[in-house]
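Below: the structure, in structure tokens.
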Amino acid sequence: VGVPAGILTVLLMNRKRRDSPEFRAHFGFLMRNYKPSKCCWEVVAAMQTIVLVGVSVNGHVLGGFYEVVLFTAVFGAALVLNIWFEPFLFLKLQRTQIAALFCLCMTSFVSITFTQADDRPSVAAYRLVAGVLLLLINAAFICWCFVTFASVLWQGAFRQSLDKIIRRLRMCSQSLLQHLK
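Quick note: the sequence shown uses my numbering, first residue 2, plus one each step.
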């Protein structure tokens, strides 16, 4: 709880300095990816991590089933908060976060059925189908992340580097053509 409280204190005490170059150089990483109106969202992310660690460390006391139920509830709450508040400055980052939380929520929710000892054929068939569907959902998410990451790279520095290389090749080919004439 100390880390989120520290982040909140730094951000709130420096409300008027948030846009200054000095503050951005030291603490910009805390709010760089969030909308100005949601600049304290890193506190929510840190609290989410603390709750997940707490469930992970103490969940064994409740048993596997209730531990998975708590994980599902935390992932579901994080998903709802991200959809409701839309904290991210960049749309692709917002969509990636929502897709990641959806995958975590679905995986956790379906895994509840895997914690029960039931060997009936219908349950075994359900587990097989659910497992395959979860695998496909998570594989689709990974592919979507790869495509999104590649498109961001393409639009950013990679695209600029490629444009420079193409310009240099054109200049070299033009000068070569002039020398041949």
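We put the CB at the ideal spot given by N, CA and C, even for glycine.
Query: Alpha carbon to alpha carbon, what distance is there between serine 38 and isoleucine 99?; Result: 19 Å
Query: Is it buried or exposed for proline 122, if we count other Cβ within 10 angstroms and need 16 for buried?; Result: exposed
Query: Note down, in chain order, each residue of its chain lying with its Cβ closer than 7 Å to the Cβ of leucine 105, except the 5 sequence neighbours on either side.; Result: Phe76
Query: Put phenylalanine 115 into one of helix, strand or coil per three-state DSSP.; Result: helix
Query: Less than 9 Å between the beta carbons of valine 44 and isoleucine 8, yes or no?; Result: yes
Query: Does the distance from the C-beta atom of phenylalanine 72 to that of glycine 64 stay below 9 Å?; Result: no
Query: Report, in whole angstroms, the separation of the C-beta atoms of arginine 128 and threonine 108, which I expect to be a contact under 8 Å.; Result: The pair is not a contact, with the Cβ atoms about 13 Å apart (cut-off 8 Å).
Query: Could you check where the alpha helix (DSSP H) with leucine 136 kicks off and where it finishes?; Result: 122-156
Query: Could you tell me if methionine 32 is buried or exposed, where buried requires 16 or more neighbouring beta carbons within 10 angstroms of its beta carbon?; Result: buried
Query: So, at 8 Å on beta carbons, what are the nonlocal neighbours of valine 52 in its own chain, with the 5 sequence-adjacent residues on each side left out?; Result: Val75
Query: Report the residue from Leu94, Val130, Thr97 whose alpha carbon sits nearest the alpha carbon of valine 111.; Result: Val130
Query: Can you say whether leucine 178 is buried or exposed, counting buried as having 16 or more other CB atoms within 10 angstroms of its CB?; Result: exposed
Query: Taking a contact to mean a Cβ-Cβ separation below 9 Å, would you say leucine 134 touches leucine 102 in this structure?; Result: no
Query: Assign phenylalanine 24 to one of three DSSP states: helix, strand, or coil.; Result: helix
Query: Check the C-beta distance from lysine 17 over to proline 88 and give it rounded, since I have them as a contact under 8 Å.; Result: Going by Cβ atoms, the distance from lysine 17 to proline 88 rounds to 21 Å, so no, they are not a contact pair.
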